[in-house]
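When the count follows my numbering, it moves up by one through the sequence shown with no breaks and lands on 411 for the last residue.
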Amino acid sequence: MFRFLSKFLPNEKLKAEWVSVLGNPKLFTAIFLILYTFSSFCVWKKYSWSPSSQINFGKEFADQNKEQTPPGAIVFLGEEGNLGAGYDGQIFYYYSRMLSGFSLDWPHGFETSFRAPRIGYPLLVSPFGWLGMYGTIFGMYFLNLGIFYLSYLAIRDLLPDPKKYLSAFYLLSPFALGSYILLVSDTVMMGLSVLAYWAFIRKRFITFSFLAGLAILTKEQAVFLFFPLGLTTLFQKEFRKSIWVASSLILPVAWSLYLRTQFPEWTPGSLGHFFDPFGGLSGYFGELQQALVSGDKNLILLIKKFSRFPLVLLLLSGTYLLFRGDWKKGLGFRLGFGILLLTAYAGGYILYWATYENVSRMFTFSLPLLILWEKEDESLPSGTYWALTGIILISFLIKLAFVSKPLRHLVW
0 MFRFLSKFLP NEKLKAEWVS VLGNPKLFTA IFLILYTFSS FCVWKKYSWS PSSQINFGKE
60 FADQNKEQTP PGAIVFLGEE GNLGAGYDGQ IFYYYSRMLS GFSLDWPHGF ETSFRAPRIG
120 YPLLVSPFGW LGMYGTIFGM YFLNLGIFYL SYLAIRDLLP DPKKYLSAFY LLSPFALGSY
180 ILLVSDTVMM GLSVLAYWAF IRKRFITFSF LAGLAILTKE QAVFLFFPLG LTTLFQKEFR
240 KSIWVASSLI LPVAWSLYLR TQFPEWTPGS LGHFFDPFGG LSGYFGELQQ ALVSGDKNLI
300 LLIKKFSRFP LVLLLLSGTY LLFRGDWKKG LGFRLGFGIL LLTAYAGGYI LYWATYENVS
360 RMFTFSLPLL ILWEKEDESL PSGTYWALTG IILISFLIKL AFVSKPLRHL VW
């Protein structure tokens, strides 16, 4: 990244000033607050200024869980031929409401195969539910913003002074912002993982074990950091640390064993049904080809179809990075970054590449992995990856403010 800045800022004094600006925590905290406030404003104004609009309740599931759907909530009806299924935020809401009532009666309408294992986020939100349904909604906002900002402070603390400017890119992640807009679990998982890694480096191993286990229970992508970390400690013959890394599996394994007693049909292998190597990419390119050949002049529709193309470029840029830099430095982070990209290549079309929201979430964890990798390897030519991330952020804000139109909905 430093080399990338040098190409555009050949003057050393000017480059140093830019690095100083990027490394200013007060400035970027203010930008963070403005950015997230503006993004919520763009959503709320379309739906009667209701915070529930970011939960994305769908009528199909609201009807099946009437007692736990908050009065006055924005409930989406879907388009013609669609039951109004909403989006994943509602799953975590209903899951958390169940836990707030000290119950394990699974919410109606949701399958359990890969939802039930992800108890981390709903569990953290559940104490807010004691204040009522809107307490749960507040908790989802609070967890997304609070844990993310704490992890920013943690990753900044881990970086040496010359590299602290990289933390600004973490805080302005378009993928974390996208997760917040949908109030889903990706940013919470990433934040918990970074906080766990900070605890590991600071030798607070009990804290690490708890936070890492909670991160895995929030979303399985957390292992993209902890699996390479465990291999690194083994390679370095730090066996005591290896045991601590392995201890992060205690909570997920215990919860999985419990799930087998409640849902006998559930197996960890059920996640494999979501992957179709290169099927997602080929499906998306077929979609683009069809749009270009058809001559459809609907500008909004074309913008939505091409909104995923920067993610394809980001995937290619990340692949290039995998084969660059010093292979003796940051090997664990290179491995984690590579596994993450592999899942993007393997993601199917229907559940991933067919929508911007689904496929973009696959890249959320790439940013902290890249920052920690750059901390170890100064020769990594990451400038293009960061530039594309910036373009994706700007594109997302334009889409949020000007392209996205209100969806069919009702007030519950």
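Here a beta-carbon is modelled for each residue, glycine too, at the ideal position from N, C-alpha and C.
Just list the residues that DSSP pairs residue i with in beta bridges.
| i | result |
| --- | --- |
| G317 | According to DSSP, which records beta bridges pairwise, G317 is partnered with nothing at all. |
| V74 | F56, L409 |
| F274 | G346 |
Reducing DSSP to helix, strand and coil, say where residue i ends up.
| i | result |
| --- | --- |
| L183 | The residue asked about is misnamed: residue 183 is Val in this sequence, not Leu. DSSP places V183 in coil when its eight states are reduced to three. |
| I146 | helix |
| F262 | coil |
| G389 | helix |
| S306 | coil |
| W254 | helix |
| A221 | helix |
| G22 | coil |
| I215 | helix |
| A84 | coil |
| S378 | coil |
| D62 | helix |
| F226 | helix |
| W48 | coil |
| P116 | coil |
Apply the 10 Å Cβ neighbour rule to residue i and answer buried if 16 or more other Cβ atoms are within range, or exposed otherwise.
| i | result |
| --- | --- |
| F234 | exposed |
| H408 | buried |
| I458 | An answer regarding residue 458 cannot be provided, because it is not within the stretch 0 to 411 covered by the chain. |
| V252 | exposed |
| I397 | exposed |
| T260 | exposed |
| S102 | exposed |
| Q288 | exposed |
| L256 | exposed |
| V18 | buried |
| L300 | exposed |
| F238 | exposed |
| D87 | buried |
| P69 | buried |
| R323 | exposed |
| F223 | buried |
Out of curiosity, what's the CA-to-CA distance linking residue i and residue j?
| i | j | result |
| --- | --- | --- |
| S417 | S394 | A question about residue 417 goes unanswered here, because the residues of the chain that appear run from 0 up to 411. |
| A15 | N23 | 12 Å |
| G131 | F137 | 10 Å |
| S378 | F262 | 49 Å |
| L210 | I180 | 24 Å |
| D185 | S125 | 17 Å |
| T416 | I30 | This structure gives no information on residue 416, because the portion of the chain shown stretches from 0 to 411. |
| F308 | F141 | 32 Å |
| A198 | F207 | 5 Å |
| F27 | S47 | 30 Å |
| A290 | Y283 | 11 Å |
| F336 | V410 | 42 Å |
| V74 | E66 | 14 Å |
| P380 | A400 | 33 Å |
| S51 | F226 | 36 Å |
| Y93 | L313 | 34 Å |
| L123 | S293 | 48 Å |
| S365 | Y384 | 10 Å |
| K107 | L158 | Note that residue 107 is His in the sequence shown here, rather than Lys. Each residue's alpha carbon lies about 45 Å from the other. |
| F174 | I146 | 15 Å |
| L420 | F362 | No information on residue 420 is available, as it lies outside the stretch 0 to 411 that the chain covers here. |
| F113 | A386 | 34 Å |
| D325 | I118 | 38 Å |
| F127 | L182 | 15 Å |
| L320 | L334 | 11 Å |
| Q424 | M97 | Residue 424 is absent from the structure shown; the chain starts at 0 and stops at 411. |
| L194 | I154 | 8 Å |
| V20 | F60 | 46 Å |
| Y351 | V402 | 21 Å |
| G382 | T135 | 40 Å |
| K202 | L144 | 26 Å |
| M189 | A214 | 7 Å |
| V311 | G100 | 43 Å |
| Q63 | K44 | 27 Å |
| G85 | A245 | 37 Å |
Checklist entry - Could you give the uninterrupted runs of the alpha helix (DSSP H) lying entirely in the stretch 123-170, keeping only those of 4 residues or more? => result For secondary structure counted as the alpha helix (DSSP H) over 4 or more consecutive residues, the stretch 123-170 holds these complete runs in sequence order: 132-157, 165-170.
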